[in-house]
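J.: Per the working numbering, numbering through the sequence shown is continuous, rising by one, with the last residue being 763.
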Amino acid sequence: MKLILKIARTELRNLFFSPVAWFLTIIFLVICALFYSNYIAAIANWQDSLLRTTPSFKEFPMGLTKSVFMGMDSNGFIANIFSNLYLFIPLLTMGLINREFNNGTVKLLYSSPVQLNQIVWGKYLAVMAYNMLLLTIMLLFMIVGAFSIRDIDAGHLTTGLITFYLMVCSYTAIGMFMSSITNYQIVSAIATFILLFLLQRIGGLWQEYDFIRDLTYFLAINGRAERMVAGLITTRDIMYYALLTYMFVTFSYLSLRHGREMVSRGKKAVRYLTVFLSVMVVGYLTSRPGYVGYWDGTRVKANTIKEQTQGIMKTMQDEPMEVTLYTNLLDPGQGFGRTRPSARNTYIWNFWDQFIRFKPNIKFNYVLYYDVADGDSTMYKRMPGMTLDSIAREYAKMFETNLNWYLKPAQIRKQIDLQGEGMRSVMHLKYKGKSIFLRTYEDSKYWPDEEHVAAALKRLANDTIPKVYASTGNFERSIHKYGEREYNSYSIQKLSRAALINHGFEFDTVNLSKQDIPADADALVLADPKVMLNDTITNRLKQYIDKGGNLMILGEPGKQHVLNPMIKPMGAELMQGTMVQISQHETPDKITPFVTTDHTWIFKQKNPFSIMVRKGLEDGDSTKVMHPGVAPLSYTENGFKVTRLMVSGPKGLAWVKAGHLVTDSAPPVLVANEGDYKLDSFTVALAMSRQVGNKEQKIVIAGDADFPSNLRIGSQFLASNYASWLTDEAFPIHLFPIPPTDTLLTVSLKAAETQKIILVWILPAAILILGTVILLRRKRQ
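#1: Do you know whose CA, among K427, E432, A437, T47, lies nearest E488's CA?
#2: With respect to the beta strand (DSSP E) encompassing T(-8), which residues constitute its N-terminal and C-terminal limits?
#3: Report the option in I749, T574, L726 whose CA atom is closest to the CA atom of D135.
#4: By DSSP's criteria, A111 is part of a beta bridge. Which residues make up the other side?
#5: From the DSSP output, in three-state form, read off Y351 for me.
#6: For the alpha helix (DSSP H) that M368 lies in, which residues bound it at each end?
#7: Pull up the distance between the alpha-carbon of S460 and that of G265, whole angstroms please.
#8: Helix, strand or coil for M54? Go by DSSP, reduced to three states.
#9: Should I60 and V282 be called a contact, given that it needs their Cβ atoms to be closer than 9 angstroms?
#10: Give me the Cβ distance between P650 and P547, rounded to the nearest whole Å; I'm assuming they're in contact under 8 angstroms.
#11: Determine the extent of the beta strand (DSSP E) in which S626 is found, giving its start and end residues.
#12: Run the proximity test for N703: is its beta-carbon closer than 8 angstroms to any non-hydrogen atom belonging to the ligand GTP?
#13: Work out the CA separation of T665 and V513 for me, nearest whole Å.
#14: For N493, which option in M365, S453, I739 has the closest C-alpha, if you only look at C-alpha atoms?
#15: Quick one, are the C-beta atoms of S130 and Q737 less than 9 angstroms apart?
#16: With a Cβ-Cβ cutoff of 9 angstroms, do V624 and G530 count as a contact?
#17: Quick check on the DSSP output: what are the complete beta strand (DSSP E) runs of length 3 or more inside the region 403 to 434, in order along the chain?
#18: Does Y308 come out as helix, strand or coil in the three-state DSSP assignment?
#19: Could you tell me which residues DSSP puts in a beta bridge with W637?
#20: Rounded to the nearest angstrom, what separates T297 and R326 at their Cα positions?
#21: So for F346, helix, strand or coil by DSSP?
#22: If I follow the unbroken beta strand (DSSP E) through V492, where does it start and stop?
#23: Could you give the residue range of the beta strand (DSSP E) that holds S453?
#24: Please name the residue in I71, D646, P590, P614 whose C-alpha comes closest to that of E568.
#25: Going by C-alpha to C-alpha distance, which of P746, Q698, L311, H138 sits closest to E466?
#26: Jot down the residue ranges of each uninterrupted alpha helix (DSSP H) in the region 499 to 539, minimum 4 residues, whole runs only, in chain order.
#27: Could you name each continuous alpha helix (DSSP H) segment of 4 residues or more that falls completely within the region 672 to 711, going from the start of the chain to the end?
#28: Taking the C-alpha atoms as reference points, what is the distance between L652 and L635?
#29: Return the first residue and the last residue of the alpha helix (DSSP H) that W4 is part of.
#30: Leaving aside the five residues before and after L(-3) along the sequence, list all residues of the same chain whose C-beta is less than 7 angstroms from its C-beta, in chain order.
#31: Excluding the 5 residues preceding and the 5 following S663 in the sequence, name in chain order all residues of the same chain whose CB lies nearer than 6 angstroms to its CB.
#32: According to the Cβ coordinates, are V349 and T306 closer than 9 angstroms?
#33: Using a 10 Å radius around the Cβ and a threshold of 16 neighbouring Cβ atoms, would you call M54 buried or exposed?
#34: Whole angstroms are fine: how far does the CA of Q679 sit from the CA of D505?
#35: So what's K572 in DSSP terms, helix, strand or just coil?
#36: Pair every Cβ in the region 69 to 77 with every Cβ in the region 753 to 761, then say whether three or more of these pairs are closer than 8 angstroms.
Here it is, written out as structure tokens:
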């Protein structure tokens, strides 16, 4: 070890007695200074402007550690350093070993008592020491940042430093190997650049084939640094860089050894292959699920699933879970491109890895098939005169995939029924004999959110599933129709991220003229019936209410007489007339009532809607939600606790038109003689609750049935919140990110500009002077 350290000291001294090391150090310092100071100055300018012009500004909504150092879109300080790192390494390592050949000192090394492995590791240790200098330069800017950003996220910065050092050490190991196989420094530099480029690109080659995909994924250097810079350090990635470094340092040793030994090419190849295979085996073993350690260095735990999801997964540790990805070659959306065999590494490591961390015993299966949904003639119209098999062959050619890998329509239909999923690519989860579909979505993100996964896992782990029935038979709003007045998108639209069916709910319909309300109903929705409810329906509803059933009743102006006979015994009534609110941009029937504070407290669990409303009230702002066409409500507490959910305001803004409201002409005026009237505040929606036996009965009544409609996507969250409250808040699962605290700079724009002058000009100039003095003194000696 002493000899290795001695060689390292000598090599390091030689490194700094040449202008290359000083040149690289100064250039690296200037690049770091430019990236850091530009980001800080831009944010400082923004902050100063907001402080001058916006009294309500208190802090930025995002963490500034990530914004400055990591970047919002991989364009921060560290990301830019990484993107330019490959330019430095070839210059640093191009003469590391071949210099001995060019100077004629290699014979002295071969004849000395020093072993080859000591020479190699000594030289590499010297480069590691120089890499530590580069790391120190980065650390300098992070220290400056700590004095410029309030409560900087030191853990996140630490992951960036670890990533940088591991990456630069692996890069220099590659450069040293290239230096050992050629006597020409320029050739060595170019070869290093080419190999680094190949390692960046190899992860995208031959991804259709399982074995090659796993091999190239392990070798690929891209992707790993991004995860680590994002704040997640895993033993799998650390071992990758360590093994990559070991492999190329060993290759350098073998290259020198082969230079002094007379061995056949076959034996040389066997030695290289032995090292390569040993690295592959160790890398495979250390990356198996259950044997990987994780550390999320971010303060907000940005790379870790939330505690609620972790808690659900802890209850599922006893048995393995099976996840089958069904990939349709003829997927009507973007599914095939996202789920094809070549995308499986992205599917596993970018989506499922965060869940594998807490449940390693997940078995992944893949089924490839081609088929179209019954009645879907899109493909046949697109390629007229062709059979489905011939269409599939054309698609296989277009996507450059092997059609023999794909099940035919008859085969896939024997295995599973995917008609309900529209023959789109979908995940099927199985656990303890239960199964559920986990859907993808036709947007830029494509994969489900953590809330969707948590809901699916909770349904697999628990027997309780909230079931909501929608009343039919009286021309009510339909959960199956796509019209603008209907309720499909918030309830059972499988392609909608917000639809409750994708958040753990089950929906069904019940015709109250022909059927009793099922015993498994957790809630019933009676939405805008158009005709009077007959005695059979009324009796069934009365029995359901008397037993403590939960109910959401939504009415409309002009049809108050349909629902009032049912809700009056509970103490509520839809008042006659239509609410009017005159505004500059909307028709007078569109009301914007406010969410009450009491509305937020009916929920026992944390709810993002409630938090948003309370935060707005703290800042002196109320939350308004548009309701088009409203019949106001009156109420008395007839055995129920009543909570006003939505109310009109401010005083006198809204009034009620007793007769027919014309919305496409001049603004209506209040005519008291015609029955029009005004109150200080009208109730638009209310919640009623009481104790029935050992359960709490919950009822929501609203004078508007349009807010959950397919047209009113912006107000559908109200319907989702009401459904959650009615079903005891089991679903949806609300996940709350930890808010950042590094949300304000402690420096002004003037101070940031002063930092820039010091870091970009003065500090590099000082190092330039120091390096010049050392080199001149060395030359004189």
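The beta carbon of each residue, even a glycine, is placed where N, CA and C say it ideally should be.
T.: Reading off the structure:
#1: Per the Cα distances, A437.
#2: Premise fails: T(-8) lies in the alpha helix (DSSP H), -16 to -2, not in any beta strand (DSSP E).
#3: With distances taken between Cα atoms, D135 lies closest to L726.
#4: The secondary-structure analysis by DSSP pairs A111 with nothing; it has no beta-bridge partner.
#5: Note: Y351 maps to strand in three-state DSSP.
#6: If you look at M368, you'll find it isn't in any alpha helix (DSSP H); DSSP assigns it neither H nor E.
#7: If you take the alpha carbons of S460 and G265, they lie about 55 angstroms apart.
#8: For M54, the pLDDT reaches just 48, beneath the cut-off of 50, and the residue's location in the model is therefore unreliable, although a value from the coordinates is still provided. Three-state DSSP puts M54 in coil, outside helix and strand.
#9: Not closer than 9 angstroms, so no.
#10: About 29 angstroms; that fails the 8 angstroms criterion.
#11: Inspection of the sequence shows that residue 626 is occupied by Arg rather than by Ser. Taken as a continuous stretch (DSSP letters only), the beta strand (DSSP E) holding R626 covers 623 to 629.
#12: For the structure depicted, the ligand GTP is absent and the ligand set is empty, with no information on it obtainable.
#13: Those two C-alpha atoms are separated by around 24 angstroms.
#14: Selected option, being the one with the closest Cα: S453.
#15: In this structure, Q737 lies closer than 9 angstroms to S130 by Cβ.
#16: In this structure, G530 does not lie closer than 9 angstroms to V624 by Cβ.
#17: Within the region 403 to 434, the complete beta strand (DSSP E) runs of at least 3 residues are 408 to 413, 416 to 420.
#18: Residue state, collapsed to three classes: strand.
#19: The partner list for W637 (beta bridge, DSSP) reads V562.
#20: Here the alpha carbons of R326 and T297 stand approximately 27 angstroms from one another.
#21: F346: strand per DSSP, three-state reduction.
#22: Per DSSP, V492 belongs to the beta strand (DSSP E) from 488 to 493.
#23: S453 -> beta strand (DSSP E) spans 449 to 454.
#24: Comparing Cα-Cα distances from E568 to each of I71, D646, P590, P614, the minimum goes to D646.
#25: When each option's Cα is compared against that of E466, the closest is Q698.
#26: Listed in chain order, they are 517 to 528.
#27: Scanning the region 672 to 711 from its first residue to its last, the whole alpha helix (DSSP H) runs of 4-plus residues come out as 698 to 708.
#28: Computed Cα separation, rounded: 12 angstroms.
#29: That run of the alpha helix (DSSP H) goes 1 to 35.
#30: Closer than 7 angstroms at the Cβ level, and outside the excluded window around L(-3), lie A3, A108, Y112.
#31: Closer than 6 angstroms at the Cβ level, and outside the excluded window around S663, lie V629, S630, G631.
#32: With contacts defined as CB atoms closer than 9 angstroms, V349 and T306 qualify as a contacting pair.
#33: Residue placement at M54 is flagged as unreliable, the pLDDT there being 48, under the threshold of 50; the coordinate-derived value follows with that caveat. It counts as exposed.
#34: In the sequence under discussion, the amino acid at residue 505 is Ala, which differs from the Asp named in the question. For A505 and Q679, the gap between their C-alpha atoms comes out near 10 angstroms.
#35: The answer is strand: DSSP assigns K572 an E or B state.
#36: The region 69 to 77 is not in contact with the region 753 to 761.
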